[in-house]
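J.:
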Amino acid sequence: MIDFTKKLDIEELNNRYVKMGIVLKESQFKVHKIEKLKEGVQVLIQSSDTNKISVLSREGEAIVFGLEECEKVLLGLRG
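According to this note's numbering, the sequence shown is numbered sequentially starting from 1.
(1) Under 7 Å from any heavy atom of the ligand ZN, does the C-beta of asparagine 15 make it?
(2) Note down, in chain order, each residue of its chain lying with its Cβ closer than 8 Å to the Cβ of leucine 44, except the 5 sequence neighbours on either side.
(3) Near aspartate 49, which residues of its chain fall below 8 Å by C-beta distance, leaving aside the five closest residues on each side in sequence?
(4) To the nearest angstrom, how far is the alpha carbon of lysine 38 from that of arginine 78?
(5) Where does the unbroken beta strand (DSSP E) through isoleucine 53 begin, and where does it stop?
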């Protein structure tokens, strides 16, 4: 169960969403890790088929999110 009363930071994002299943283009992935960057955070995902780890991207470019934006996107992709 997710405790939405806790302050949202990189550690809390990882606690909430690492290992959560997500669906992208009808393929299954798991959130591997959420990494802090200078300008925000990026999400590393692991393929359920190949176990390959990659960065959540759009048109080949890694997506950098704000904390709240990251949470909204992950909740929207839940499998």
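Glycine is no exception: its CB is placed at the ideal position from the N, C-alpha and C atoms. All values derive from a computational prediction rather than experimental measurement.
T.: Per the coordinate set shown:
(1) Judged by which ligands are present, the structure shown has none, so any question about the ligand ZN falls away.
(2) For the purposes of this step, residue 44 is taken as the residue at position 44 of the sequence shown. Once the five neighbours on either side are set aside, the close Cβ partners of leucine 44 are Val31, His32, Lys33, Ile34, Glu35, Ile53, Ser54, Val55 and Leu56.
(3) Within the sequence shown, the letter at position 49 stands for residue 49. Closer than 8 Å at the Cβ level, and outside the excluded window around aspartate 49, lie Ser27 and Gln28.
(4) As a working note, residue 38 is residue 38 in the sequence shown. As a working note, residue 78 is residue 78 in the sequence shown. Each residue's alpha carbon lies about 26 Å from the other.
(5) To locate residue 53, count along the sequence shown from 1; it is residue 53. Taken as a continuous stretch (DSSP letters only), the beta strand (DSSP E) holding isoleucine 53 covers 53–55.
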